[in-house]
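Working notes for the structure below.
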Amino acid sequence: MTDSANGRIVAGLLAPHPPHLVYGDNPPQNEPRSEGGWEVLRWGYERVRQSLATRPFDVIIVHSPHWRTVVGTHLLGVPRFQGLSVDPVFPNLFRYHYDITVDVPLAEAICAAAQEEGLLATMMRNPHFRVDYGTITSAHLTNPAWDKPIVGMSSSGSFFYFSDDYGQDEMIALGRATRKAVEASGRKAVLLASNSLSHRHFTQEPPVPEDMSFEHIYHHGQYLWDMRVLRLMKEGKTRQLVDEMPDFIEQSVSEAKAGCLTWLLSALQFPTYPAAVHAYGTVIGTGNAIVEWDPQRATGAGVSP
Ligand SMILES: [Fe+2]
Numbered sequence: 101m102t103d104s105a106n107g108r109i110v111a112g113l114l115a116p117h118p119p120h121l122v123y124g125d126n127p128p129q130n131e132p133r134s135e136g137g138w139e140v141l142r143w144g145y146e147r148v149r150q151s152l153a154t155r156p157f158d159v160i161i162v163h164s165p166h167w168r169t170v171v172g173t174h175l176l177g178v179p180r181f182q183g184l185s186v187d188p189v190f191p192n193l194f195r196y197h198y199d200i201t202v203d204v205p206l207a208e209a210i211c212a213a214a215q216e217e218g219l220l221a222t223m224m225r226n227p228h229f230r231v232d233y234g235t236i237t238s239a240h241l242t243n244p245a246w247d248k249p250i251v252g253m254s255s256s257g258s259f260f261y262f263s264d265d266y267g268q269d270e271m272i273a274l275g276r277a278t279r280k281a282v283e284a285s286g287r288k289a290v291l292l293a294s295n296s297l298s299h300r301h302f303t304q305e306p307p308v309p310e311d312m313s314f315e316h317i318y319h320h321g322q323y324l325w326d327m328r329v330l331r332l333m334k335e336g337k338t339r340q341l342v343d344e345m346p347d348f349i350e351q352s353v354s355e356a357k358a359g360c361l362t363w364l365l366s367a368l369q370f371p372t373y374p375a376a377v378h379a380y381g382t383v384i385g386t387g388n389a390i391v392e393w394d395p396q397r398a399t400g401a402g403v404s405p
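To convert, note that position 75 of the sequence shown is 175 in the numbering used here; the numbers rise steadily by one, no gaps.
This is the structure:
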């Protein structure tokens, strides 16, 4: 399956995790039924799946805001997790029966590479651990067949306990470590940064959650920030984006404060080629973009949709 001389990142995705998108899709794993909703974002994930279908890959690596660890980065370290994931805020939308296979050797290699970078990193070996809904949702929407193993990575609390700048430095080092471990592993990996963009959200749910007459951006300033971020991605100005990230986080209450996006951009070596924006839309007022980086474009060999 793998060739130790040919490990690489085949795609990097900003792959946000609103449980509403799984609810709207009505997969058999999720108990609640819906009448649809949030189609533009769900079609964006369809485009992602079509794009990935053209490129073989071995593993999906997810960095999730909703596995928050107070100290350092933790990685799923058990070969299989089964259980029921219930969204704590939206139990009416997301009660998902999961059966997840983990690429433990690759997780261990990333953990070791992170430690070599001087980061605090550890393996999570509790077989009864309940996998967070951010990991599940992003991985499900990218690969609903669940026919590839995942590596699950927590979000360190450094942004919250120290500062956004300090957290970013850690995520840049974690991105380097992830890339190094993937290359040495021989795996072809797809990386998912599970965060949304602007994150100011409604405090009341409409009677019918998928009633799209209620859905819109919360605030014009949030929208302007989201569009600025997407423009920088499309123009290949990801170093500038990382430089501006603390302001973006502070002014738009962005979920990028979990570090996922900075980790991804670092693992991709701060792309200067254009990102493909598959979709942008709001979920309970928060800004969500589905964005793909195809590293083959750096060599002129790849074609992104
Ligand atoms: Fe979230």
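Glycine included, each C-beta is placed from N, C-alpha and C at the ideal position.
Since the model is a prediction, treat every value here as computed from it, not as a measurement.
Report the partner residues of residue i according to the DSSP bridge assignment.
i	result
Leu-382	For the record, residue 382 in the displayed sequence is Thr; it is not Leu. According to DSSP, Thr-382 bridges with Gly-387.
Glu-344	DSSP output for Glu-344 lists no bridge partner at all.
Trp-393	Gly-112
Val-251	Ile-161
Val-202	Ile-250
Arg-195	Val-186
Arg-168	Ser-255
Thr-173	Ala-221
Ser-288	First, the residue type needs correcting, since residue 288 is Lys and not Ser in the sequence shown. For Lys-288, which the question treats as bridged, DSSP gives the partners Arg-108.
Ala-293	Leu-114, His-163
What is the DSSP secondary structure of residue i, counted as helix, strand or coil?
i	result
Gln-182	strand
Glu-217	coil
Thr-406	Coverage of the chain is limited to positions 101 through 405, which leaves residue 406 absent and any answer about it impossible.
Val-308	coil
Val-353	coil
Ala-245	coil
Val-329	helix
Gly-402	Confidence is the limiting factor: at Gly-402 the pLDDT is only 45, short of 50, which leaves the residue's position unreliable and the question unanswerable from this model.
Ala-207	helix
If we call anything under 8 Å between Cβ atoms a contact, is residue i one with residue j?
i	j	result
Val-329	Leu-297	yes
Asp-264	Pro-346	yes
Ala-277	Glu-216	yes
Lys-280	Asp-158	no
Gly-172	Leu-219	yes
Tyr-261	Asp-326	no
Problem set entry | alpha helix (DSSP H) segments (min. 4 residues) lying fully within the segment 116-161 | If we require 4 residues or more, the alpha helix (DSSP H) runs fully inside the segment 116-161 come out as 119-125, 139-152.
Exercise. Taking one C-beta from the segment 191-202 and one from the segment 127-138 each time, how about it: are there three or more such pairs within less than 8 Å?
Worked result: A contact exists between the segment 191-202 and the segment 127-138.
Problem set entry | Cβ contact (3+ pairs, closer than 8 Å) linking the segment 355-362 and the segment 252-272 | Contact between the segment 355-362 and the segment 252-272 is present, because at least three Cβ pairs lie under 8 Å.
Problem set entry | the segment 208-220 touching the segment 136-149, judged by at least three CB pairs closer than 8 Å | Under the three-pair Cβ rule at 8 Å, the segment 208-220 does not count as touching the segment 136-149.
Exercise. Is the segment 210-225 touching the segment 176-187, taking contact as three or more C-beta pairs under 8 Å?
Worked result: Flag = yes, the segment 210-225 and the segment 176-187 touch.
Exercise. Are there three or more Cβ pairs, one per stretch, closer than 8 Å when the segment 234-251 is compared with the segment 196-203?
Worked result: The segment 234-251 vs the segment 196-203: in contact.
For this session: Examine the Cβ distances between the segment 303-310 and the segment 370-383 and report whether three or more of them are shorter than 8 Å.
Result: Below 8 Å, too few C-beta pairs join the segment 303-310 and the segment 370-383 to call them touching: fewer than three.
For this session: Pair every Cβ in the segment 104-115 with every Cβ in the segment 334-354, then say whether three or more of these pairs are closer than 8 Å.
Result: Cβ pair count under 8 Å is below three, so no.
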